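Quick notes on the structure that follows.
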Amino acid sequence: MRWSKAYLPTYKESPSDAEIPSHKLMMRAGLIRKLTAGVYSFLPLGWRVLHKIEHIVREEMDRIGCQEIMMPILHPSELYEESGRLKHFGPELFTLKDRRGRFFALGPTHEEVVTDIARAEIKSYRQLPQTLYQILVKFRDEIRPRFGVMRAREFIMKDAYSFHESHESLAETYTNMAEAYRRTLDRCGLENVMVEADAGKIGGDVNHEFVVFAEHGESEILICSCGYVANSERAESLGKPLASKEKVQKKPEQVSTPKMKTVEQVSNFLDVSPAHLVKTMLYKSGDSMVAVLIPGERTLNESKLSKVLDDPYVEPLRDDDIKKLTGAEAGYAGPVGLPGDTRIIVDPTLDEYDGMIVGANATDAHLRGVKMGRDFEATERADVIAAEEGDRCKRCSDQILQLRRGVEMGHIFKLDTKYSKAMSATFLDNEGKERHFIMGCYGFGVSRAVAAAIEADYDDKGIRWPKTITPFHAIVLPVKMSDADTMMAAESIYAELREAGWDVLLDDRDTRAGVKFKDADLIGIPLRITLGERSLKEGKVEIYHRRDDRTELIDREGVLDYVREFYSA
RNA sequence: CGGGGCGUAGCGCAGCCCGGUUAGCGCGCCUGCUUCGGGAGUAGGAAGUCGGAGGUUCAAAUCCUCUCGCCCCGACCA
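Okay, structure coming up:
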């Protein structure tokens, strides 16, 4: 491609609405342009990178026997009523009406559609297993789209779905898929890790995320040197060691804590560390009331609580309901003397406590020296706190968890029969019995990967593409456009590399060399072939390595071999 | 959805509080001359519904009301 003829606009400055490096650089280097919040066009440079990633994804999917298809974007809303996901997705689903007033959704993922396809054709266990995939634009009306294509409302995703007669078969595909994801990310040059994750709206139990390490990623990963690694939404830990303990008293002592509602206020007021306090958080699950007890300085992980209660719709009590249940204003709830049918869930980190300070279920009062098992009974003991950096690892119990940030690039799920049951998708097994498909689904964020690759490696000059997904393998930069020999060399190297199948960008713009150098750095092509008057006279050209910021002089004749060697390494 | 911020030329911004004639600056863009290996200099030039609608006023980018859009923070901390 000749830059003089190409649609490759670059900016010196970042648009003011871009926050993180990848977003700024994608705008500055002319990869994308925003249409409206969370909706982007890909310009030629961005589109090339997207294609290269898609290509790698296809190869890895095909390698493990997946078959590519293309499903519609427009989905009749009845499908979501059937699967029960209408309310799960809620406002995140983009919906529209046709001229007759019938409702449709723009596909956020395709479990429903693919299950509808499978139930029509797959009738026998002999046709199983099957794995279908597609690379298609997806729509989700995100609460808060941000960071450019990193969290967009319209984005490109590879989604695969597998159908099985047995859990063993699913497990095999699941393992293959995990391996394919790891290979895909490795081939894209992205340092990644597979972690246990939270299932979110897709459902199912077993699921793993593939996270690419990046400073500005939205995912938090907790890692232990013993090998334990998990998403912070799901990670388990033993908390931090207690510095001091509250003494148990003969019977709970009621202390006056006027207007002291937060843990911070109460612990300051009583002059004890927040770890002495036990936070009582009140929830409603169906018709039953739930009190959750966790250490004062900890955060409750609602997703864990949902799982413990087996209820995706758990919600915190509102202030007036708190008053009804405890008889006190919000801020003074405690486990002692709650109505008998209240479920009391206690986090295991509280086992280490002797006494506790808890709300008194009376406005402006707390109880000191409370003992669990004597003053109140726990209904259940379950891990519900959010793990944090610095916690003791639950797996090995003597190492400390470290935090690393990253971008969620892939997410794979064992769905079991969640969708096949909801949508009555069945086949006959070898005994002639009707059974529901056992399913898996596997998503990969293709457009997000473009941003993640930039996020994972850039410098103050611009992007540094990994070799495998770079939009161009080399950029040819003639320094002096008015010099005939320079231009002749530029044209011949450009032609030579192109004929050999390399993607080459020729910067034939009639502009100053400095501008070209800056732009070349910005768009991050791994190899720059600089053609200068002096070195050309000696039959040499300069090769500049973007990643290492290093220049080499080589013979003009050796260019093709040099490029070939660079990319085969 | 709650809170905060911002909409002025393709991009980055000033002007607004305290209303006043042709609305500025930098980058970019066009033309000429000089320059030419790390975002050139110079002379000239094009480009704006001041997000939109309504209002106040002799007069509105500026004040008031409504509205649309964009960005950030939050949406468990009792």
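Counting in the working numbering, the first sequence runs from 22 upward without gaps. We treat Cβ as the ideally placed atom computed from N, Cα and C, and that holds for glycine. Since we're looking at a predicted model, the values are computed, not measured.
Sufficient close CB pairs (3 or more, under 8 Å) joining the segment 387-401 to the segment 423-440: no
Member of 367, 489 and 254 whose CA lies at the smallest distance from the CA of residue 240: Residue numbering aside, residue 240 sits at position 219 when the first sequence is read from its first letter. For the residues 367, 489 and 254, the minimum Cα distance to residue 240 belongs to 254.
Neighbourhood of residue 95 by C-beta distance below 6 Å, restricted to the same chain and skipping five residues each side: The residue given as residue 95 occupies position 74 in the first sequence. Cβ within range, chain order: 125.
Just to confirm the assignment, what range does the alpha helix (DSSP H) spanning residue 357 have? Here residue 357 corresponds to residue number 336 of the first sequence, with the count starting at 1. Careful: residue 357 lies outside any alpha helix (DSSP H) and carries neither H nor E.
Run through the segment 370-434 for me and flag every whole beta strand (DSSP E) of 3 or more residues, listed as ranges in chain order. 377-380 and 386-391
Which two residues bound the contiguous beta strand (DSSP E) that contains residue 251? Working through the first sequence from its first residue, we reach residue 251 at position 230. Here the beta strand (DSSP E) through residue 251 covers 250-252.
Restricting to Cα atoms, I'd like to know which of 528, 450 and 519 is closest to residue 150. As a working mapping, residue 150 is identified with position 129 in the first sequence. Closest option to residue 150, Cα to Cα, is 450.
Backbone CA spacing between residue 412 and residue 529 [nearest angstrom]: For this step, residue 412 is matched to residue 391 along the first sequence. For this step, residue 529 is matched to residue 508 along the first sequence. For residue 412 and residue 529, the distance between alpha carbons rounds to 57 Å.
Please classify residue 92: does DSSP put it in a helix, a strand, or coil? Taking the first sequence and counting its residues from 1, one reaches residue 92 at position 71. In this structure, residue 92 counts as coil in the three-state DSSP scheme.
Nearest to residue 299 (by Cα), restricted to the options 355, 202 and 582: As a first step, residue 299 must be located in the first sequence, where it is residue number 278. It is 355.
From this set, 168, 342, 418 and 466, which residue's C-alpha is nearest residue 382's C-alpha? Against the first sequence, residue 382 aligns to sequence position 361. The shortest C-alpha separation from residue 382 is found at 342.
Here's a check: name, in chain order, each residue in its chain whose Cβ is nearer than 6 Å to the Cβ of residue 351, leaving out the five neighbours to either side. Counting from one through the first sequence, the residue named residue 351 turns up at place 330. Answer for residue 351: 340 and 343, listed in chain order.
Sheet register partners of residue 118 (DSSP bridge): The sequence position of residue 118 within the first sequence is 97, counting from 1. Per DSSP, 124.
Within 10 angstroms of its Cβ, does residue 33 collect 16 or more other Cβ (buried), or is it exposed? The residue given as residue 33 occupies position 12 in the first sequence. By the 10 Å Cβ count, residue 33 comes out exposed.
According to DSSP, is residue 256 helix, strand or coil? Here residue 256 is taken as the residue at index 235 of the first sequence, counted from 1. Note: residue 256 maps to coil in three-state DSSP.
To the nearest angstrom, how far is the alpha carbon of residue 80 from that of residue 74? Counted from its first residue, the first sequence places residue 80 at position 59. Counted from its first residue, the first sequence places residue 74 at position 53. Their Cα atoms are separated by approximately 10 Å.
Contact set for residue 507: own chain, Cβ-Cβ below 8 Å, skip 5 residues either direction: The residue given as residue 507 occupies position 486 in the first sequence. These residues qualify, in order along the chain: 499, 500, 501, 552, 553, 554 and 557.
Distance, Cα to Cα, residue 282 vs residue 177? Along the first sequence, one-based indexing puts residue 282 at 261. Along the first sequence, one-based indexing puts residue 177 at 156. Those two C-alpha atoms are separated by around 46 Å.
Assuming residue 273 contacts residue 335 (C-beta within less than 8 Å), just tell me the rounded distance between them. Here residue 273 refers to the residue found at position 252 of the first sequence. Here residue 335 refers to the residue found at position 314 of the first sequence. Rounded, the Cβ-Cβ distance is 28 Å, inconsistent with contact.
Best match in 175, 50 and 195 for proximity to residue 181 [C-alpha to C-alpha]: Within the first sequence, numbered from 1, the residue matching residue 181 stands at position 160. For the residues 175, 50 and 195, the minimum Cα distance to residue 181 belongs to 195.
Quick one: grab the DSSP three-state call for residue 143. As a first step, residue 143 must be located in the first sequence, where it is residue number 122. Note: residue 143 maps to coil in three-state DSSP.
Cβ of residue 90 within 7 Å of Cβ of residue 168? Locating residue 90 in the first sequence gives position 69, counting from the first residue. Locating residue 168 in the first sequence gives position 147, counting from the first residue. Not a contact, by the Cβ cut-off of 7 Å.
Pairwise C-alpha distance: residue 313 and residue 337: Within the first sequence, residue 337 is the residue found at index 316, counting from 1. Within the first sequence, residue 313 is the residue found at index 292, counting from 1. Each residue's alpha carbon lies about 10 Å from the other.
Please tell me whether residue 467 and residue 159 are closer than 7 Å, where the distance is taken between their beta carbons. In the first sequence, counting from the first residue as 1, residue 467 sits at position 446. In the first sequence, counting from the first residue as 1, residue 159 sits at position 138. No; because the gap between Cβ atoms is not below 7 Å, this pair is not in contact.
What would DSSP say about residue 274, mapped onto helix, strand or coil? In the first sequence, counting from the first residue as 1, residue 274 sits at position 253. Three-state result, residue 274: strand.
Residue 461 burial status per 10 Å Cβ neighbour count (16 or more: buried): One-based indexing of the first sequence puts residue 461 at position 440. Per the 10 Å Cβ criterion, buried.
Close Cβ partners of residue 197 (< 7 Å) along its chain, the five nearest in sequence each way excluded: Here residue 197 is taken as the residue at index 176 of the first sequence, counted from 1. Counting only Cβ-Cβ distances below 7 Å, and skipping sequence neighbours, we find 85.
Please classify residue 199: does DSSP put it in a helix, a strand, or coil? Position 178 of the first sequence, counted from the start, is the residue given in the question as residue 199. The answer is helix: DSSP assigns residue 199 an H, G or I state.
Quick test of the definition: if touching needs 3 or more C-beta pairs under 8 Å, does the segment 575-584 touch the segment 472-483? no
Under three-state DSSP, which class holds residue 313? Locating residue 313 in the first sequence gives position 292, where the first residue counts as 1. Looking at residue 313 - three-state DSSP - the assignment turns out to be strand.
Could you check the C-alpha separation between residue 489 and residue 572 for me, to the nearest Å? Along the first sequence, one-based indexing puts residue 489 at 468. Along the first sequence, one-based indexing puts residue 572 at 551. The straight-line gap from Cα to Cα measures roughly 21 Å.
Taking the alpha-carbon positions, what's the residue 45 to residue 68 distance? Residue mapping note: residue 45 aligns to position 24 of the first sequence, counting from 1. Residue mapping note: residue 68 aligns to position 47 of the first sequence, counting from 1. Distance between the alpha carbons of residue 45 and residue 68: 17 Å.
Count the other C-beta atoms from every protein chain shown that fall within 10 angstroms of the C-beta of residue 289, then say buried if there are 16 or more, exposed otherwise. The residue given as residue 289 occupies position 268 in the first sequence. Burial call: exposed.
Let's test the definition: count the other Cβ atoms within 10 Å of the Cβ of residue 353 and tell me whether it reaches 16, buried, or not, exposed. Working through the first sequence from its first residue, we reach residue 353 at position 332. The residue in question, residue 353, is buried, as its Cβ has 16 or more Cβ neighbours within 10 Å.
Please list the terminal residues of the continuous alpha helix (DSSP H) segment that includes residue 109. Locating residue 109 in the first sequence gives position 88, where the first residue counts as 1. Its alpha helix (DSSP H) spans residues 106-110.
Just tell me which of 561, 537, 152 and 518 has its CA closest to the CA of residue 586. Position 565 of the first sequence, counted from the first residue, corresponds to residue 586. Of the candidates 561, 537, 152 and 518, the one whose C-alpha sits nearest the C-alpha of residue 586 is 518.
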